[in-house]
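Asks: Take this structure, written in structure tokens, and hold onto it; I'll ask about it next.
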Amino acid sequence: MNITFSKEEIAFRDEVRAFFRDEMPEGIADKRRLGVPLEREDYVNFQKALYRKGWAGYNWPVEYGGTGWSTVQKYVFGVEMAEADAPGIITFGLGMVGPVIYTFGNEEQKQRFLPDILESNVWWCQGYSEPGSGSDLASLKTRAELAGDHYIVNGTKTWTTLGQWADWIFCLVRTSTNVARRQEGISFLLIDMKTPGVTVTPIIMIEGNHEINEVHFENVKVPVENLVGEEGKGWTYGKVLLQHERTGTARVAVTNFRLGNLRQQASRSVRGAEPLTNDRNFMRKLAAVEVELKALEFTELRTLAAVASGKAPGPESSILKLKGTELQQAVDELYVEAAGYYALPYVPSQYTLDFPESDRVGEGSETQSSLTYFNFRKASIYGGSNEIQKNIVAKHVLGL
Amino acid sequence: MDLSFTEVQTMLVDSIEKFIANEYSFERRQQYAASDAGFSNEVWATFVELGWTAVPFSEDDGGFDGGPAELMVMMQQFGRGLVVEPYLANVVLAGGVLRRAASSSQKTKWLQLLISGELQAALAVTEPQSRYDLANIETTAMKDGDGWVINGRKGVVLNGGNAGLLIIPARTSGSNTDRDGITLFAVGGMADGVSRNSYPTVDGQQAAEISLRDVRVESNAMIGEIDKAYAVLDAVVDEATLAVCAEAVGIMQTLTDKTVEYSKNREQFGVPIGSFQALQHRMVDMLTACEQSYSLLLWASMANADKTEDAKRAISAIKYQVGTAGKKVGQEAVQLHGGMGVSWDVDIAHYFKRLTTIGQMFGNADWHLDKLVD
């Protein structure tokens, strides 16, 4: 065991750091600094920059165009990306459907879909939850009926993140109801959002932003070659993907970065007020979160190491999701506390590039603290609610 | 000792309950909140008509002599209805100052109009740097002939953009954070030198940043004694704290009721989610938090009605409770509603947001716990 980076690892870290410093596409850094929401093209430009560097498939094996990085390299990459306040990689393509396709898809599907995912030419979204199927995902009712060389899909998916920007959606659909277990008869289908019969309606979230959607399918014709793997085995594929999602949702590096920022903010006088470092109550809470976060950082490293030795992320990834979202939300709460009365103003219109900073209500992104806090209550709900994670750990880890 | 409601209190509860059930649906509330003023003038007129704006004022001032208990029962119902009309800003904060400190001619000039709904008012409790310290006032008022000239900034002034009357605490002597040397002034919302940046707040209400540049007022604009306003501000903010705590308790009770109801109807795994023991226990915790909070609220309002020795302590106790238990209940209500809980179109989200802002106002949980330790 050894906590110190080797020379090679330090060189790699410096290279990654230089990349995020020097090659971030135009405008993104300014938007991040000023708290301006990113557009679709910002994310795409960022991911394309990663692609040009050969790093888009940071998590992928070399044979599919990935980096084939070691655990330590992936860890370093994640930390540097967070510390640079980079936009983050939209997970649906590169983190989710890509790995499912290269693991379970056929040769033709790999050639057809993987290059566009790596290059961020196609924006993917996820069609899992339904209005009646949230935590109980296996109860999903969206039907795909085989009719010759295509399926006819009918149903509704919901909470579809950034579905309004998506070109394609990967869906869990029911292809058979005549099954012993509800988890059987579910298939993994790739659907072009431009297909007639697909409509997207916005859902406005608690803080007022359009981030999620309902996606409706009305007699949508999907060619059979868009079925990934075997018909009826979609649950297995989807589960693998959810475990990837859960590892990703720990967001340790991002939470760490935000906590560091908060510590800096607390040491300054904001709006002429006394620095919060003088408030021992606040600093004790901040320190307590730091301790827990350090623990989680090493839990994540252990999980990554296990994956590197050839194991798929197992039910332990549920622990990462649980604790990771709790700590993320704890930091969100501290930001709100730090803002005091300036957690109250609802002034999203002042977060544009040309809004004069001196005219802003509150300092910096202070008034966004409550919006972030409200929005990220979703973190303990999405990707399988934290209650479901506890069920998974109880059942599959503890054997209860 | 008697914990039962008086006839008047019961009547108040009934009339507000009836109003909310019949005329204040969540959909309407959302429309009012989204309007330019951020509330409904018609609804405000109804408040006036039903006598609610007059409750805390003395009979001599045209009111009903209501005290902390009446305020409590009303605010609790306003919380249940998630009312956005500026009762706190007008009646409790601005009205609280006028009631305690204004001269009889000032009362005739402003209080009567406030009660009759013809005047919107605001008390500028906070400055950008003041956080929760009421004595942290950098805004200055300098004597100028017969009158005064005021300079400074006020932050997150509730109802500040709508107010025709702004009550501005300013420093007339001493240094920043001294309790002595603070004086209250009445300033017209449209007066020369006043500029207001008005905005909605995340809970659907309204506030403003206000800057005062060489604002001239006459000597009769001074409210109460020179240099001695801290005691007035402190008493008014104590009452406002009690008011938002009562509102918060109403919200917590509503969130608990709605969550229990939802858990009985929402089915997953072929059964209502309310049948899961893990969730049942959490809802029991929510209920316990509500009951404990309501108990502290009763204590605090009776202690303040009777002006007992521990009256001020009781205010810090209930605000601490609302800050901690309220946060817990709000977060649990959202979590148990799943995706619905984080959707704008579902009322749960908005109850949660209001609970959050109440937690941030007039001292957060830490601030009041410190008061209890001191």
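Going down the list, the sequences are from chains S and Z.
Going left to right, the first sequence walks through residues 15 to 414 as the numbering used here numbers them.
Going left to right, the second sequence walks through residues 3 to 376 as the numbering used here numbers them.
A virtual CB, placed ideally from N, CA and C, is assigned to each residue, including glycine.
Quick caveat: nothing in here was measured; it's all calculated off a predicted structure.
Taking any Cβ of chain Z, which residues in the region 350-373 of chain S have a Cβ under 8 Å from it, in chain order?
Replies: Within the region 350-373 of chain S, the residues whose Cβ lies closer than 8 Å to some Cβ of chain Z are Val350, Glu351, Ala353, Gly354, Tyr355, Tyr356, Ala357, Leu358, Pro359, Tyr360, Val361, Asp373, listed in chain order.
Asks: Taking C-alpha atoms, which residue in Met74/Z, Gly195/Z, Thr179/Z, Thr258/Z lies nearest to Leu14/Z?
Replies: Considering only alpha carbons, the answer is Met74/Z.
Asks: Do you know how far the Cα of Ser384/S is from the Cα of Asp67/Z?
Replies: Their Cα atoms are separated by approximately 38 Å.
Asks: Counting only the same chain and skipping the five closest in sequence on each side, list residues whose C-beta sits under 6 Å from that of Gly177/S.
Replies: So the list reads Cys139, Val214, Asn227, Val229, once near-sequence residues are dropped.
Asks: Leaving out the 5 sequence neighbours to the left and right, which residues in its chain are closer than 7 Å to Met76/Z when beta-carbon positions are compared?
Replies: Correct list, in chain order: Leu14, Ile18, Trp54, Val57.
Asks: Which word fits Gly324/S, buried or exposed, when buried means at least 16 other C-beta atoms lie within 10 angstroms of its C-beta?
Replies: Exposed.
Asks: Within the region 243-280 of chain Z, note down every full alpha helix (DSSP H) run reaching 4 residues or more, in order along the chain.
Replies: Runs found: none.
Asks: Which residue comes first and which comes last in the alpha helix (DSSP H) that contains Asn275/S?
Replies: 266-281 is the span of the alpha helix (DSSP H), which, as asked, contains Asn275/S.
Asks: Go through its chain and collect everything with a Cβ distance to Gly332/Z's Cβ below 6 Å, but skip five positions before and after it.
Replies: Within the same chain, Gly332/Z has close Cβ partners Phe354, Leu357.
Asks: When you compare the CB of Leu154/S with every CB in chain Z, is at least one pair closer than 8 Å?
Replies: Chain Z contact via Cβ: absent.
Asks: Provide the residue(s) that pair with Gln282/Z in DSSP beta bridges, ordered along the chain.
Replies: Answer by DSSP bridge pairing: none, since Gln282/Z is not bridged.
Asks: Taking all protein chains shown into account, do 16 or more other C-beta atoms lie within 10 angstroms of the C-beta of Glu44/Z, making it buried, or fewer, making it exposed?
Replies: With fewer than 16 Cβ atoms within 10 Å of its Cβ, Glu44/Z is classed as exposed.
Asks: Might you give, ordered along the chain, the residues of its own chain that have their beta carbon closer than 6 Å to the beta carbon of Val93/S, omitting 5 neighbours on each side?
Replies: Closer than 6 Å at Cβ, skipping near neighbours: Ala267.
Asks: Report the residues of the region 161-187 of chain Z with a CB closer than 8 Å to any CB of chain S, ordered along the chain.
Replies: The region 161-187 of chain Z vs chain S, Cβ under 8 Å: nothing.
Asks: Between Glu380/S and Glu334/Z, what straight-line distance do the alpha-carbon atoms span, to the nearest angstrom?
Replies: Glu380/S and Glu334/Z: Cα-Cα distance of roughly 25 Å.
Asks: Here's the rule I'm using: 16 or more other beta-carbon atoms within 10 Å means buried, otherwise exposed. How should Thr366/S be labelled?
Replies: With fewer than 16 other Cβ atoms within 10 Å, it is exposed.
Asks: Should Ser106/Z go down as buried or exposed, given a rule of 16 or more other Cβ atoms within 10 Å for buried?
Replies: The residue is exposed, with fewer than 16 neighbouring Cβ atoms inside 10 Å.
Asks: Of the residues Glu314/S, Asn233/S, Glu198/S, Ala63/S, which one's Cα is nearest the Cα of Val90/S?
Replies: Nearest C-alpha to Val90/S: Glu314/S.
Asks: Mind checking the region 191-213 of chain Z against chain S and listing, in chain order, the residues whose C-beta falls within less than 7 Å of any C-beta there?
Replies: If the cut-off is 7 Å between Cβ atoms, the region 191-213 of chain Z has Asn199, Tyr201, Pro202, Thr203, Val204, Ala209, Glu211 near chain S.
Asks: Measuring only the C-alpha atoms, how far is Ala242/Z from Pro210/S?
Replies: Computed Cα separation, rounded: 57 Å.
Asks: Does the beta-carbon of Gly147/Z have 16 or more other beta-carbons within 10 angstroms, so that it is buried, or is it exposed?
Replies: Classification of Gly147/Z: exposed, given that the 10 Å Cβ count is below 16.
Asks: So which residues of chain S does Gln279/Z contact, with C-beta pairs closer than 9 Å?
Replies: Per Cβ cutoff of 9 Å: no residues; Gln279/Z is ~12 Å from chain S at best.
Asks: At the level of alpha carbons, what is the spacing between Asp293/S and Arg31/S?
Replies: Roughly 34 Å separates the two Cα atoms.
Asks: Does DSSP put Glu77/S in a helix, a strand or coil?
Replies: Helix, per DSSP.
Asks: Could you give the uninterrupted runs of the beta strand (DSSP E) lying entirely in the region 219-260 of chain S, keeping only those of 3 residues or more?
Replies: Within the region 219-260 of chain S, the complete beta strand (DSSP E) runs of at least 3 residues are 224-237.
Asks: What is the DSSP secondary structure of Phe296/S, counted as helix, strand or coil?
Replies: In this structure, Phe296/S counts as helix in the three-state DSSP scheme.
Asks: Name the chain Z residues that come within less than 8 Å of Thr375/S, Cβ to Cβ?
Replies: Just to set this straight, residue 375/S is Val in the shown sequence, not Thr. Those are Asn199, Tyr201, Glu211, listed as they occur along chain Z.
Asks: Less than 7 Å between C-beta atoms, sequence neighbours within five positions excluded: which residues of the same chain meet that for Leu412/S?
Replies: So no residue of the chain qualifies.
Asks: Is the separation between the beta-carbon of Glu159/S and that of Ser201/S shorter than 8 Å?
Replies: It is not a contact, given that the beta carbons lie outside the stated cut-off.
Asks: Of all the options Cys292/Z, Asp135/Z, Ser265/Z, which has the alpha carbon lying nearest to the alpha carbon of Lys373/Z?
Replies: That would be Asp135/Z, whose Cα lies nearest to the Cα of Lys373/Z.
Asks: Report yes or no: do three or more beta-carbon pairs, one from the region 299-306 of chain S and one from the region 342-360 of chain S, lie closer than 8 Å?
Replies: The region 299-306 of chain S vs the region 342-360 of chain S: in contact.
Asks: Going by other Cβ atoms of all chains shown within 10 Å of its Cβ, with 16 needed for buried, is Asn240/S buried or exposed?
Replies: By the 10 Å Cβ count, Asn240/S comes out buried.
Asks: Give me whichever residues DSSP pairs with Pro171/Z in a beta bridge.
Replies: Note: Pro171/Z sits in a beta bridge opposite Leu186/Z.
Asks: Under 8 Å, do Thr191/S and Thr170/S count as touching if we go by C-beta distance?
Replies: Result no, Cβ atoms of Thr191/S and Thr170/S do not sit closer than 8 Å.
Asks: Please state whether the Cβ-Cβ distance between Glu23/S and Val76/S is less than 8 Å.
Replies: No, these two residues do not count as a Cβ contact at 8 Å.
Asks: Tell me whether the region 89-99 of chain Z and the region 307-321 of chain S touch, counting them as touching only if at least three CB pairs, one residue from each stretch, are closer than 8 Å.
Replies: No: fewer than three Cβ pairs fall under 8 Å.
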